[in-house]
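Beneath this line is the structure, given in structure tokens, with notes to follow.
Numbering (this note's numbering), first residue to last: 467 to 688.
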């Protein structure tokens with residue numbers, strides 16, 4: 467693998483890591499004052515209160531996230547730390563390319579033999595679980611710093627039964643133009659960023675179709 471292509475693989479992944487790191491600073495919990503010890507509280511005679519009538523619990527609003535309808539990928543099953551997914555036919559795992567912070571790299575045959583930008587990379591959030599609004603608020607600046615000329619916040623989707631963000635970007639780096647489709651699968655404790663990197667010859671429809679054929683196979687194994 468050439469240094470140029472290795473750098474391109476890392477671009478979106480490192481931008482994702484920086485975004486996740488930026489999201490890791492949570493708000494400090496604030497403790498409310500105990501009204502029984504409030505020196506300004508005025509003592510009043512106790513009044514018997516009538517318990518409010520119980521009402522049925524409100525049902526949670528259904529998610530607006532889009533169901534993935536792509537035909538599942540049929541290639542190699544990739545096992546990660548707590549997750550698995552199926553790669554497109556002919557795409558292969560590249561463990562030597564998965565350097566920190568990237569956990570998994572999968573590439574197409576053409577990427578390996580012809581130098582094209584066609585890779586999947588997976589980054590584990592150092593912040594644990596990250597919300598979609600947190601990520602979307604930070605990702606545009608990080609991808610722009612990595613060379614993105616356009617960043618789009620797409621409709622969220624359902625991955626393994628949970629809502630996931632979807633961001634796409636056009637990037638120019640080292641004299642090459644490539645495209646990124648990025649998804650945020652999360653379970654109860656952890657968020658991952660899955661980046662699909664494509665060369666400039668692919669259409670937006672082709673990119674999304676391939677990415678979602680993979681993400682529809684995503685499963686949690688722990």
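Cβ atoms here follow ideal geometry from the backbone N, Cα and C, with glycine treated the same way.
Given this structure, state the Cα-to-Cα distance separating residue 644 from residue 631, to the nearest angstrom. 20 Å
For residue 537, does the three-state DSSP call read helix, strand or coil? coil
Starting from residue 634 and walking both ways along the beta strand (DSSP E), at which residues does that stretch end? 628-639
Got a sec, what are the start and stop residues for the alpha helix (DSSP H) residue 532 sits in? Taken as a continuous stretch (DSSP letters only), residue 532 belongs to no alpha helix (DSSP H), as it is neither H nor E.
Quick one: grab the DSSP three-state call for residue 672. helix
Please name the residue in 675, 638 and 661 whose C-alpha comes closest to that of residue 689. The displayed coordinates of the chain run from 467 to 688. Any statement about residue 689 would go beyond what the structure contains.
What does the alpha-carbon distance come out to for the pair residue 629 and residue 584? 26 Å
Which whole-angstrom value describes the C-beta separation of residue 552 and residue 540, a residue pair presumed to lie in contact below a C-beta threshold of 8 Å? 7 Å
Quick one: complete beta strand (DSSP E) runs, 3+ long, within the region 637-667? 642-649 and 658-665
Could you give the C-beta distance for residue 598 and residue 622, rounded to a whole number, given that I count them as a contact under 8 Å? 6 Å
Does the count of Cβ pairs from the region 588-607 and the region 563-571 closer than 8 Å reach three? yes
In the DSSP assignment, find the unbroken alpha helix (DSSP H) run with residue 589 in it and report its ends. Residue 589 -> not in any alpha helix (DSSP H); beta strand (DSSP E) instead, spanning 585-590.
Please name the residue in 595, 641 and 649 whose C-alpha comes closest to that of residue 618. 649
Kindly indicate the opening and closing residues of the alpha helix (DSSP H) around residue 609. 598-611
Buried/exposed call for residue 608, threshold 16 Cβ in 10 Å: buried
Range of the contiguous beta strand (DSSP E) that encloses residue 573: 568-573
Would you mind sorting residue 681 into buried or exposed? The rule is 16 or more other CB atoms within 10 Å of its CB. buried
Using DSSP with H/G/I as helix, E/B as strand and the rest coil, what is residue 615? strand
Spatial neighbours of residue 533 within its chain, please: CB distance less than 6 Å, with the 5 preceding and 5 following residues excluded, ordered by chain position. 624
I need the DSSP call for residue 680, collapsed to helix, strand or coil. helix
Could you say which of 688, 673, 612 and 639 lies nearest to residue 654 if we only look at CA atoms? 688
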